[in-house]
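With numbering that gives the first Met the number 0, the residue at position 110 of the sequence shown is 109, and numbering never jumps. Built from N, CA and C at the ideal position, the CB exists for glycine as well. Please read all numbers here as calculations on a predicted model, not as lab measurements. Input: a single structure, listed below in structure tokens.
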Amino acid sequence: MQHRIIEMVPAESVVSVFENDTSSLMPCRGEQKKWVGAGEVELRPGLDRTEFLDDVRDSVGGRERWSATDGTDKDGDRRVVLLHEDGTQLLVSLWDGPESLRIGSFSACFDFPEYQYGEKY
């Protein structure tokens, strides 16, 4: 879903794209773990932030097994919270300095008892 959201950015607005392909696992419930990822698109000025976030919310929220809600980050700025019924969550925000789209991705919790802290997957 993170890739699809990044692909929604008009090509003429994109300066650069970063997505992490590997990450250490984070604790979840009990012994379970979750994968944490991130994507970022540095943007040229001019992207209509409200329209873009509305499009993300409406596009993903309209998919089977997904819900989408508007929320705010710690600074009170708008972000779209996407939640799959399996527990996968994405947080989609537009930031200043430099202007960018940022996506925080969190997988559903899963069993992985042999995980050693610091290993990346």
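Check, Outcome
"Exposed unless 16 or more other CB atoms sit within 10 angstroms - verdict on V40", "buried"
"Range covered by the beta strand (DSSP E) that runs through D69", "W65 to T71"
"Sub-8 Å separation of Y120 and W34 beta-carbons", "yes"
"Bounding residues of the alpha helix (DSSP H) (the contiguous stretch that carries V16)", "Careful: V16 lies outside any alpha helix (DSSP H), inside the beta strand (DSSP E) at V13 to E18."
"Extent of the continuous alpha helix (DSSP H) run through S58", "R48 to G60"
"Extent of the continuous alpha helix (DSSP H) to which Q115 belongs", "Where Q115 is concerned, there is no enclosing alpha helix (DSSP H), given that its DSSP letter is neither H nor E."
"Exposed unless 16 or more other CB atoms sit within 10 angstroms - verdict on K73", "exposed"
"Inter-residue Cα distance where the pair is D76 and D47", "15 Å"
"Length of the line joining the Cα atoms of T68 and G36", "20 Å"
"Beta-bridge pairing of A37 - partner residues as DSSP gives them", "G103"
"Length of the line joining the Cα atoms of Q88 and N19", "16 Å"
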